[in-house]
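The opening residue of the sequence shown carries number 5 in the working numbering; numbering runs sequentially from there. First up is the structure itself, then whatever we jot down about it.
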Amino acid sequence: MASVCAFLSAGYNLVLMLILLPLLGGLVMWLLRKYYASQVAAVALFGLANVFFCLALYLGGGATVFLPFSGYGFEGRFYSGGLTAVLPLFASVVALLLAVSSASFYRGKKEGGLFLLFFFVSVGFVNGALLSDNLPVMLVFWEGLLLSMSVLLLLGNLAKPRAAIKMLWISGVADLMLMLGVIITIRVAGQSNISMISHLPVEGLGAVGCVLMLLGALGKAGAVPFHSWIPLAAEDAQSPFLALFPAALEKILGIGLAIRIVTQIYDVQPGSGVSTFVMIVGAVTLFFGVAMALIQKDMKKLLSYHAISQVGYMILGVGSALPIGIVGALFHMMNHVLYKSGLFLTAGAIEKRTGTTDLRHINGLGKLMPLTAACFVVFGLAISGFPGLNGFFSKELVFDAALESNVVYYIVALVGAAMTAISFLKLGGAAFFGKLSLPQGVKHVKEAPVGMALPAVVLALLCVLMGVFNRVAHTVLLQPALGYTESFGGWPESPLLVALSIAALLLALVDHLYGRKKSGSALHSADHLHDAPVAKQIYAVAEAGKLDPYNWLTAAVNGFSRACMQIEKGVSWVYDKGVPGLVRGAAQLLHRASNGNLTRYLALAAGGLVCVAILFLIILL
Numbered sequence: 005m006a007s008v009c010a011f012l013s014a015g016y017n018l019v020l021m022l023i024l025l026p027l028l029g030g031l032v033m034w035l036l037r038k039y040y041a042s043q044v045a046a047v048a049l050f051g052l053a054n055v056f057f058c059l060a061l062y063l064g065g066g067a068t069v070f071l072p073f074s075g076y077g078f079e080g081r082f083y084s085g086g087l088t089a090v091l092p093l094f095a096s097v098v099a100l101l102l103a104v105s106s107a108s109f110y111r112g113k114k115e116g117g118l119f120l121l122f123f124f125v126s127v128g129f130v131n132g133a134l135l136s137d138n139l140p141v142m143l144v145f146w147e148g149l150l151l152s153m154s155v156l157l158l159l160g161n162l163a164k165p166r167a168a169i170k171m172l173w174i175s176g177v178a179d180l181m182l183m184l185g186v187i188i189t190i191r192v193a194g195q196s197n198i199s200m201i202s203h204l205p206v207e208g209l210g211a212v213g214c215v216l217m218l219l220g221a222l223g224k225a226g227a228v229p230f231h232s233w234i235p236l237a238a239e240d241a242q243s244p245f246l247a248l249f250p251a252a253l254e255k256i257l258g259i260g261l262a263i264r265i266v267t268q269i270y271d272v273q274p275g276s277g278v279s280t281f282v283m284i285v286g287a288v289t290l291f292f293g294v295a296m297a298l299i300q301k302d303m304k305k306l307l308s309y310h311a312i313s314q315v316g317y318m319i320l321g322v323g324s325a326l327p328i329g330i331v332g333a334l335f336h337m338m339n340h341v342l343y344k345s346g347l348f349l350t351a352g353a354i355e356k357r358t359g360t361t362d363l364r365h366i367n368g369l370g371k372l373m374p375l376t377a378a379c380f381v382v383f384g385l386a387i388s389g390f391p392g393l394n395g396f397f398s399k400e401l402v403f404d405a406a407l408e409s410n411v412v413y414y415i416v417a418l419v420g421a422a423m424t425a426i427s428f429l430k431l432g433g434a435a436f437f438g439k440l441s442l443p444q445g446v447k448h449v450k451e452a453p454v455g456m457a458l459p460a461v462v463l464a465l466l467c468v469l470m471g472v473f474n475r476v477a478h479t480v481l482l483q484p485a486l487g488y489t490e491s492f493g494g495w496p497e498s499p500l501l502v503a504l505s506i507a508a509l510l511l512a513l514v515d516h517l518y519g520r521k522k523s524g525s526a527l528h529s530a531d532h533l534h535d536a537p538v539a540k541q542i543y544a545v546a547e548a549g550k551l552d553p554y555n556w557l558t559a560a561v562n563g564f565s566r567a568c569m570q571i572e573k574g575v576s577w578v579y580d581k582g583v584p585g586l587v588r589g590a591a592q593l594l595h596r597a598s599n600g601n602l603t604r605y606l607a608l609a610a611g612g613l614v615c616v617a618i619l620f621l622i623i624l625l
């Protein structure tokens with residue numbers, strides 16, 4: 005194995021394979037769109053090959069390679085090592101599982117071939133963005149991913165392009181900030197190769213570049229205020245898209261770049277202005293996302309808000325600029341990809357079998373889909389931070405960093421954890437463990453297809469293993485990738501923090517039981533939180549979209565457009581009617597005055613001289 009890895013890592017062959025192989029794989033998926041068995045085999049083949057090449061690059065110790073045209077004024081430099089070796093490997097494993105599930109979900113659907121085509125194209129763009137050591141080259145792959153996302157979001161929804169349009173606008177603004185930040189960073193550093201940029205001072209122009217790059221990275225990850233397209237996509241898009249992007253690839257790219265900005269490119273210090281700003285963004289993202297998730301009645305939309313909320317924990321860790329926070333952010337990002345992708349796969353299984361994810365029409369599916377229900381329980385406990393599972397250990401690291409930074413951040417994170425547990429108790433109780441109820445017209449529901457069930461089971465097992473063996477994950481993957489020698493794995497050192505986390509979970513259970521008894525159903529168990537004084541008014545504002553910056557911008561643009569239209573009408577009136585009318589009036593006056601009467605001409609001249617004389621006297625006196 006070592007010799008094979010060394011051979012592959014010897015030149016630019018391996019890097020090119022990681023970029024070109026997924027593109028070729030996507031083309032093969034499209035060509036095999038009518039042959040399900042062959043398509044699944046191709047998905048497995050290309051997915052495993054992508055994992056193998058990433059593993060070879062990782063085990064080979066990384067490599068620095070250049071594209072053939074790099075000597076002609078364009079440096080196509082790619083670097084693998086540390087974080088840039090771990091993230092592609094992790095992304096490739098998740099992509100393989102999601103590709104198998106997507107092939108099963110789209111079986112018999114005409115858009116299945118195109119979905120898998122752009123699925124693998126997206127994987128190629130992700131690999132390129134993660135491995136690019138040159139900032140402009142990274143931007144090329146970064147924007148390529150945006151285009152492939154747009155196509156995937158539109159598939160099967162050409163009549164409802166609103167989510168895709170909104171995503172393009174919001175992501176476009178975030179990407180513009182990233183581009184400006186990159187330009188400033190290149191000017192400050194004097195070069196564009198990331199591996200050769202080290203701890204630039206966060207002051208003056210450097211501070212502007214740092215903040216802009218961070219905003220671009222966090223925007224890609226789905227942070228507030230760049231979040232609002234995600235819940236809309238949950239309404240229009242199908243589950244495989246949501247499992248691939250808001251749950252997985254966007255988090256890997258966005259948080260991965262944010263970590264590199266804070267730990268390598270810029271010298272961001274704990275407690276600094278940039279650190280405080282990022283942590284505030286994280287706290288707002290965390291709380292807003294989970295608060296909106298509480299009141300949702302659709303499974304996909306609830307999960308989409310949690311995809312926003314969970315990124316808040318990652319941002320808190322990154323913003324702390326503390327080693328324990330950075331490790332916690334990276335670990336939580338990886339854990340989130342596992343359980344959130346798994347949760348969207350369970351939603352996809354329900355959507356596949358029932359045709360909907362509206363919790364008002366589906367209840368008690370655990371009896372008919374026991375394997376899917378069991379996987380959901382693991383994912384729900386993991387995202388809620390249940391002790392022993394992977395989400396618990398990564399959250400505790402973030403909690404430690406938040407507490408060390410400011411107790412307010414810790415309180416927000418702890419309250420967010422309790423609200424997360426409440427929402428998943430509600431979701432599980434309604435979808436799987438209540439009284440059986442099926443949508444109208446659906447009489448028979450069976451377990452998810454093998455192609456969808458198997459990836460969910462693997463993801464659930466990984467959630468357990470990453471929790472039980474979290475110290476191994478830290479030792480093998482996380483700390484070497486970040487260059488830290490201190491070990492952060494294992495159980496938290498503070499029994500008090502663990503006790504508070506467990507107390508938050510118990511409080512969530514008590515609240516759920518109270519709400520269920522009060523409302524009479526699991527689906528409405530969180531309604532009392534929605535209808536609480538003050539909260540009800542705030543929710544009304546949020547649900548009306550009045551807290552959405554996109555709507556603010558849209559309203560401002562529309563207002564500016566209307567103002568411009570009124571100005572244009574005014575100018576047109578002046579041009580069409582005002583000036584001609586003025587000219588006609590002057591002409592008529594001149595015509596009346598020019599009647600050939602010499603006496604009148606002399607009188608006018610005399611009157612003019614008198615007026616001039618009077619004016620001079622006023623000036624002289």
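Glycine included, every Cβ here is placed at the ideal spot set by N, Cα and C.
Could you check what DSSP says for tyrosine 317 in three-state terms: helix, strand or coil? Residue state, collapsed to three classes: helix.
So valine 538 packs on methionine 423, CB below 8 Å; how close in whole Å? That pair is no contact at about 16 Å.
Looking only at its own chain, which residues have a Cβ that is under 6 Å from the Cβ of histidine 203, when we skip the five neighbours before and after it? Only residues of its own chain outside the window of five on either side were considered, and among them Asp271 have a CB closer than 6 Å to the CB of histidine 203, listed in chain order.
Per DSSP, what kind of secondary structure is proline 204 in: helix, strand or coil? First, the residue type needs correcting, since residue 204 is leucine and not proline in the sequence shown. Leucine 204 sits in a strand when the DSSP states are folded into three classes.
Phenylalanine 403 and leucine 511 - do their beta-carbons sit closer together than 9 Å? Here leucine 511 is not near phenylalanine 403, since their CB atoms are 9 Å or more apart.
Alpha carbon to alpha carbon, how far is leucine 134 from asparagine 410? Taking the straight line joining both Cα atoms gives about 32 Å.
Give the DSSP-derived three-state secondary structure of phenylalanine 436 in the structure shown. DSSP places phenylalanine 436 in coil when its eight states are reduced to three.
For glycine 395, tell me which candidate among Met337, Ala351 and Tyr309 has the shortest Cα-Cα distance. Looking at the Cα atoms, Met337 is the closest of the given residues.
Should tryptophan 556 be labelled buried (16 or more other beta-carbon atoms within 10 Å of its own) or exposed? Tryptophan 556 should be labelled exposed.
Leaving out five residues on either side along the sequence, give the residues of the same chain with a beta carbon under 6 Å from the beta carbon of glutamine 300. Excluding positions up to five away in sequence, the list reads Leu306.
Threonine 88 to valine 192 span [Cα, whole Å]: Approximately 23 Å between the Cα atoms of the pair.
Taking the DSSP output, what are the residues bridged to aspartate 552? DSSP lists no partner for aspartate 552.
Output the boundary residues of the beta strand (DSSP E) element that contains serine 84. Run containing serine 84: 81-84, per the beta strand (DSSP E) assignment.
Less than 9 Å separating the beta-carbons of serine 345 and alanine 247? Result yes, Cβ atoms of serine 345 and alanine 247 sit closer than 9 Å.
Span of the alpha helix (DSSP H) holding alanine 386? In this chain, the alpha helix (DSSP H) harbouring alanine 386 covers 374-387.
Element boundaries [alpha helix (DSSP H), containing asparagine 339]: It spans 327-358 - the alpha helix (DSSP H) in which asparagine 339 sits, taken as one unbroken run.
Starting from the C-beta of alanine 353, find all residues in its chain whose C-beta is less than 6 Å away, skip the five residues before and the five after it, and write them out in chain order. Excluding sequence neighbours, alanine 353 sits near Thr376, Ala452 and Met456.
Over what stretch of residues does the alpha helix (DSSP H) that includes phenylalanine 230 continue unbroken? Counting along the chain, phenylalanine 230 falls outside any alpha helix (DSSP H), and DSSP gives it neither H nor E.
Residues near glycine 213 in its chain [Cβ-Cβ closer than 7 Å; skip 5 each side]: Closer than 7 Å at the Cβ level, and outside the excluded window around glycine 213, lie Gly185, Ile188, Thr189 and Val192.
Go ahead and pull the three-state DSSP assignment for tryptophan 40. It should be pointed out that residue 40 corresponds to tyrosine in this sequence rather than to tryptophan. Reduced to three states, the DSSP call for tyrosine 40 is helix.
Is the distance from the Cβ of valine 47 to the Cβ of leucine 120 below 9 Å? In contact: valine 47 and leucine 120 (Cβ atoms closer than 9 Å).
Three-state secondary structure assigned by DSSP to serine 523: Helix.
Output needed for isoleucine 618: all residues of its chain with C-beta closer than 6 Å, excluding positions within five of it in sequence on either side, in chain order. Counting only Cβ-Cβ distances below 6 Å, and skipping sequence neighbours, we find nothing.
Measuring only the C-alpha atoms, how far is methionine 569 from alanine 421? Going by the C-alpha atoms only, they are around 49 Å apart.
9 Å Cβ cutoff met for alanine 178 and leucine 222: A contact, by the Cβ cut-off of 9 Å.
Kindly identify the DSSP beta-bridge partner or partners of asparagine 367. Beta-bridge analysis with DSSP links asparagine 367 to Ser441.
If you pair each beta-carbon of the region 558-567 with each one of the region 462-480, do three or more pairs fall below 8 Å? In the pairwise beta carbon analysis, the region 558-567 is classified as not touching the region 462-480: fewer than three pairs are separated by under 8 Å.
Taking all protein chains shown into account, decide if glycine 432 is buried (16 or more other Cβ within 10 angstroms of its Cβ) or exposed. Counting Cβ neighbours within 10 Å, glycine 432 comes out buried, since at least 16 surround it.
Limits of the unbroken alpha helix (DSSP H) element including tyrosine 543: It spans 539-547 - the alpha helix (DSSP H) in which tyrosine 543 sits, taken as one unbroken run.
Which whole-angstrom value describes the C-beta separation of alanine 251 and alanine 333, a residue pair presumed to lie in contact below a C-beta threshold of 8 Å? About 17 Å; that fails the 8 Å criterion.
Quick one: residues in its chain with C-beta nearer than 7 Å to the C-beta of serine 398, no 5 flanking neighbours on either side, listed in chain order? Counting only Cβ-Cβ distances below 7 Å, and skipping sequence neighbours, we find Gly332, Phe335, His336 and Asn339.
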